[in-house]
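To keep things clear, I will list the structure first and then write my remarks on it.
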Amino acid sequence: MAESSRYALFKPDVLETVGYAYGRATSTERQGVYDVERLASGRWVDLGAFATQRGAAEVERRGVTEEEALSGIGTYVGSALCVARVPPGKPKVWDYGVVAGYTWCDRTITGTLQITFIEGTSNVAFVKEELQDLAIATYALRPCQMRGTADIMPAEMRSLHAAAHGHFNGVGEPARRSSTTVLKKLTMNLIDESQAVPVYNLDKTRIEFLKIEHILNYVFYQEGRRRAPQGMDVAASLFAPDAEPGRADDHGPHGHNSTDAERMYQHYDSDDDLAPAEPSRGDRPSERAKRGRDELPVEAASNQRDSRLTALRRRLEDDPEMVRDIVQLIAFRQSNLSNGSASSLVNTATTEPKSQFRSSRQQGIVHGAMTNGKYLSLDAQLFVETMQSQANIFDYLPHPGVARGFYGWDFGFRGLTIRHFAPMDVEVEREYLRRYDMTDFSSKNKLPEPQRASDLADVLAALEVLSVLVSEMYVNAVVELVDAARRFLLLLRKTKSMQGPEAVPELVAWIDDRFESFRSCLAREYIVAAEEVKSHFQFNHESYARVVQRVTNLKVEAALRSPATQKPAGRQSKLKQRGSSSSSLRSGRGISVPTDVVAALPIRKGKKVCMKFLSAEGCPGTGDTCIFDYRGHFVPTKLPVIVRNFITKNYGGVKDTSSTGSNEQAEK
């Protein structure tokens, strides 16, 4: 082999890579060293150029063939992979493991990877198209675990991993620690975070088994520099003692060949882990030290039970149904004084904080179903205070009454409206500070009158502020609900539908009503129904059809009250006004259009067809423009029977539209 064509496999960090990398000598030996450049192959195929100098002994002793170096097989040693393999008695599936080593055959120019899976180490043929190197968190999430390679093709596998990585780390969307949330969004199988998976320790060049929960906590909170929930201990490094590492060749993936019952016990941990930390000797009250073991007060046991329930709620944040049950149990324990038991009376009298805002039981249920893990452990008073203290982050200063309403999602008849979240300029904020006590969160500090929304832009601005709030403090279902309302209004603005002083208040009331329906479903624990409320923000939904009908009537009434119809000039104008007024009465106030007829109207470019345009009577609008901006002039390809019958009964029949339709087709 020529001196200029030497190839070698170098150890991690030598060529500025976190793993093994191939290098090529680009010069002859000079004074015991070679000029070496990093080879773009294997895991590092997308890295840029890098060159350095290495000793001749290292280059020669770690030498490999050109074919092996170009294949990149050695770069995968120590990496976490998703790889296609055929387990015993199963079809070809995607599985997850770490590469412990490899072999290369110069004669056949093929290689084999030794990969350690959960159940042991296996030889897998090296096929670059059927494997992917993963970040450690994506590897722990394992979205394609045991899915058939025919069911999920290689390109789909890579797409799922990219989506899981982005959702977990917050790339283009809010970051989510909950593996359940991430995998449900991808419609993939859920994982057991108590399970131990193999991870390669490069510093010690050995494979250790770490719990998935530990891996995800470390990456999300430690590497992501996020604040961990109260009571959670996050290790300072991935292979810290807290991770309970085990040698692959000593104990296997679960350590000491633990049984299923033992692994279940490990999943729930012990009761000691749920108990609050024991206070130090110096922090204990002197009275407590003087008490005997038999004189432990009832309140201490009750406090301990509540603390353990709170700790359990934090630990099970990935299970929303369990969290809701725990929240209800805590609320029941703190509010149930009717039985007169000493434990409940003492507990309520001594442990309930002197807070201004005390949520109702139903508010607690709704709040527990909406709040994400970061804020779920906060009590009602601390939650509303935290929301207000972060006003500079949200660029919005909530009134204490608004913060109370946001806690329980009290939209609709409870008084809260999206207009309460309208952005404030400096003058409005100063007026708030002057008129209201912004630190009084009690019920005596009533909801203020919201700002007036004059057009769709004002409503959209309020939804933008609300969207920022829910993205920070609530779960994804609430984020999607607000986003659906915002996107629908953007479509209305684009099509110039539902504008004007009559339409905007009705739209605000409609959105408040939809948000109230969402809260009502959560209060009754109808989670699926609550998630479906976002689908109401569509043109063909019956609730929106009622809004359109009411706005139409309001606009007709406004037109009848306008001065132009009350001050005709001369006899001809009077006759013309009389005819137009009677026509308006027939088309608007005098004729009530049923909801099912409105819902059946054909739609084009976001506007429903004008029935008078299709009638023999005709519409006073010109061309494609109707007198009502939310109606359109066009000939639908098919007119529903219910609409045709209504036009025939009320507007003198359907006019001949064959020529109009042919003209429109010609224009297209």
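Note that UniProt numbering has the sequence shown beginning at 1, numbered continuously upward.
Glycine is no exception: its CB is placed at the ideal position from the N, C-alpha and C atoms.
Beta-carbon separation (whole angstroms), residue i vs residue j, contact threshold 8 Å
i      : j      : result
Val98  : Tyr200 : 4 Å
Phe220 : Arg227 : About 11 Å; that fails the 8 Å criterion.
Tyr396 : Met424 : 7 Å
His167 : Lys185 : 6 Å
Val470 : Val479 : 5 Å
Arg62  : Ala8   : 4 Å
Pro229 : Gly373 : 6 Å
Val462 : Arg419 : Note that residue 462 corresponds to Ala in the displayed sequence, not to Val. That belief holds up - the Cβ atoms of Ala462 and Arg419 are roughly 6 Å apart, short of 8 Å.
Pro400 : Asp440 : 6 Å
Asn540 : Ala599 : 6 Å
Bridge partners - residue i, DSSP secondary structure assignment
i      : result
Phe10  : Ala21
Thr417 : Partner(s): none; Thr417 has no beta bridge.
Ile511 : Looking at the DSSP assignment, Ile511 forms no beta bridge with any residue, so it has no partner.
Cys105 : Thr110
Gln356 : DSSP lists no partner for Gln356.
Gln132 : Cys82
Lys607 : Arg604
Val33  : Arg30 and Gly55
Arg38  : Gly23
Reduced DSSP secondary structure (H/G/I, E/B, other) of residue i
i      : result
Phe518 : helix
Ala84  : strand
Asp100 : The amino acid occupying residue 100 in the given sequence is Ala; Asp does not appear at that position. Strand at Ala100.
Pro297 : With a pLDDT of only 47 at Pro297, under 50, the local geometry of the prediction cannot be trusted, and no value is derived from it.
Lys622 : In the sequence under discussion, the amino acid at residue 622 is Thr, which differs from the Lys named in the question. Thr622 falls in the coil class under three-state DSSP.
Leu433 : helix
Ser615 : strand
Val465 : helix
Asn123 : strand
Gly78  : coil
Gly632 : strand
Trp44  : helix
Asp151 : coil
Ile118 : coil
Ala49  : coil
Leu456 : helix
Leu378 : coil
Lys555 : helix
Thr495 : helix
Gly412 : helix
Thr439 : coil
Tyr544 : helix
Asp95  : strand
Gly373 : coil
Gly653 : coil
Gly63  : strand
Tyr526 : coil
Tyr474 : strand
Pairwise C-alpha distance: residue j and residue i
i      : j      : result
Thr121 : Gln388 : 54 Å
Val59  : Leu160 : 39 Å
Trp409 : Val468 : 15 Å
Cys144 : Arg54  : 41 Å
Pro448 : Leu522 : 26 Å
Asp596 : Ala545 : 8 Å
Thr110 : Leu491 : 56 Å
Met498 : Phe357 : 39 Å
Gly623 : His633 : 7 Å
Val127 : Lys90  : 20 Å
Ala162 : Leu601 : 42 Å
Thr26  : Ile115 : 33 Å
Asp35  : Trp94  : 41 Å
Arg414 : Met153 : 51 Å
Thr648 : Leu183 : 54 Å
Ala196 : Thr386 : 37 Å
Gly72  : Val64  : 11 Å
Ile136 : Tyr96  : 11 Å
Trp44  : Ser179 : 29 Å
Tyr432 : Leu489 : 28 Å
Ile207 : Leu416 : 56 Å
Asn445 : Met611 : 50 Å
Lys605 : Val384 : 43 Å
Glu506 : Asn217 : 46 Å
Gln381 : Leu190 : 35 Å
Ala457 : Val551 : 18 Å
Lys608 : Tyr630 : 7 Å
Runs of alpha helix (DSSP H) lying entirely within the region 186 to 250, each at least 4 residues, in chain order: Runs of the alpha helix (DSSP H) inside the region 186 to 250: 212 to 217.
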